[in-house]
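Q:
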Amino acid sequence: MPVQEETSDVPLLQIPRRIRAVGPGWHAVLLCLHEQLGAVCPDYRVVDVKEKFGGLRVYIEAAEGSTRGSLVSLIRAAEADASVLCEFGGAPGRARSRGDAPSGWIKTVCDSCHRAWSAREIMIVSGMVRLSGRGPSATQG
Ligand SMILES: [Zn+2]
1 MPVQEETSDV PLLQIPRRIR AVGPGWHAVL LCLHEQLGAV CPDYRVVDVK
51 EKFGGLRVYI EAAEGSTRGS LVSLIRAAEA DASVLCEFGG APGRARSRGD
101 APSGWIKTVC DSCHRAWSAR EIMIVSGMVR LSGRGPSATQ G
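For the sequence shown, UniProt numbering begins at 1 and goes up steadily by one.
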């Protein structure tokens with residue numbers, strides 16, 4: 001296979017192409033971050049966007065010196081914003097385990113999503129909230 005040359009027509013690997021790695025409650029934070037990063041460095045590239053230990057993590061490549069410092073500051077601020085927003089719906093939330101167990105999978109959730117998630121009624125699949133089908137009703141939050 002020939003190596004494809006990069007051209008300006010190739011969409012950059014930026015946050016919108018990785019946004020479905022996390023739940024919809026954080027998408028607004030990520031799109032805002034994308035605009036902020038683009039204002040500092042229009043050709044910034046994202047390496048990964050994910051949820052880790054219940055929090056939002058954004059990794060970028062490229063950029064050096066003060067530019068990189070600016071980008072990292074913006075990312076840290078967005079990660080802090082997301083740390084108090086329910087990953088399912090964007091309501092105020094905090095990092096909790098299922099049923100507030102002392103160990104286990106941590107997610108940032110609001111109270112109503114915490115109930116539904118603890119009962120395994122909801123989950124996040126490809127950036128969307130899915131009902132597992134085991135619970136009696138849908139939950140918004
Ligand atoms: Zn919620």
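Don't be surprised by glycine CBs; every beta carbon is placed ideally from N, CA and C.
Answer with buried or exposed for residue 59, where buried requires no fewer than 16 other C-beta atoms within 10 angstroms of its C-beta.
A: Locating residue 59 in the sequence shown gives position 59, where the first residue counts as 1. That one is exposed.
Q: Are the beta-carbon atoms belonging to residue 125 and residue 108 less than 9 Å from one another?
A: Taking the first residue of the sequence shown as position 1, residue 125 is located at position 125. Taking the first residue of the sequence shown as position 1, residue 108 is located at position 108. Taking 9 Å as the Cβ cut-off, residue 125 and residue 108 do not qualify as a contacting pair.
Q: With C-beta atoms as the reference, is residue 114 less than 9 Å away from residue 93?
A: By one-based count along the sequence shown, residue 114 stands at place 114. By one-based count along the sequence shown, residue 93 stands at place 93. Yes; because the gap between Cβ atoms is below 9 Å, this pair is in contact.
Q: If you measure between the beta carbons of residue 78 and residue 32, is that distance less than 9 Å?
A: Locating residue 78 in the sequence shown gives position 78, counting from the first residue. Locating residue 32 in the sequence shown gives position 32, counting from the first residue. Their beta carbons are under 9 Å apart, which means residue 78 touches residue 32 by this criterion.
Q: Locate the alpha helix (DSSP H) running through residue 29, then write down its first and last residues.
A: Here the question's residue 29 lines up with position 29 in the sequence shown. From DSSP, the alpha helix (DSSP H) with residue 29 extends over 27 to 40.
Q: Cutting at 6 Å between CB atoms, please list the residues of its own chain near residue 51, excluding the five before and the five after it.
A: By one-based count along the sequence shown, residue 51 stands at place 51. Closer than 6 Å at Cβ, skipping near neighbours: 22.
Q: Near residue 103, which residues of its chain fall below 8 Å by C-beta distance, leaving aside the five closest residues on each side in sequence?
A: Residue mapping note: residue 103 aligns to position 103 of the sequence shown, counting from 1. Within the same chain, residue 103 has close Cβ partners 97.
Q: Have a look at residue 69 and residue 43 and give me their C-alpha separation to the nearest angstrom.
A: Start at 1 with the first residue of the sequence shown, and residue 69 comes out as number 69. Start at 1 with the first residue of the sequence shown, and residue 43 comes out as number 43. Whole-angstrom Cα-Cα distance: 15 Å.
Q: Near residue 12, what residues of its chain come up, given a Cβ to Cβ distance below 7 Å and the 5 sequence neighbours on each side ignored?
A: Counting from 1 along the sequence shown, the entry for residue 12 is found at position 12. Excluding positions up to five away in sequence, the list reads 43 and 45.
Q: In chain order, what residues of the same chain lie with their CB nearer than 6 Å to the CB of residue 30, ignoring the 5 residues before and after it?
A: In the sequence shown, counting from the first residue as 1, residue 30 sits at position 30. Cβ-Cβ distances below 6 Å link residue 30 to 15 and 19 in the same chain, with the five nearest sequence neighbours on each side left out; the list follows chain order.
Q: Let me know if residue 37 comes out buried or exposed under the rule of 16 or more other beta-carbons within 10 Å of its beta-carbon.
A: Along the sequence shown, read from residue 1 onward, the residue named residue 37 stands at position 37. Buried: at least 16 other Cβ atoms inside 10 Å.
Q: For ligand 1, which residues have a Cβ under 7 Å from at least one heavy atom, in chain order?
A: 25, 86, 88, 89, 91, 93, 109, 110, 112, 113 and 141
Q: Where does residue 10 land, buried or exposed, given buried means 16+ other C-beta within 10 angstroms?
A: Your numbering for residue 10 matches position 10 in the sequence shown. With a pLDDT of 43 at residue 10, under the threshold of 50, the modelled position of this residue cannot be trusted; read the value that follows with caution. So residue 10 counts as exposed.
Q: What residues match up with residue 44 in a beta bridge as DSSP calls it?
A: As a first step, residue 44 must be located in the sequence shown, where it is residue number 44. Partner(s): none; residue 44 has no beta bridge.
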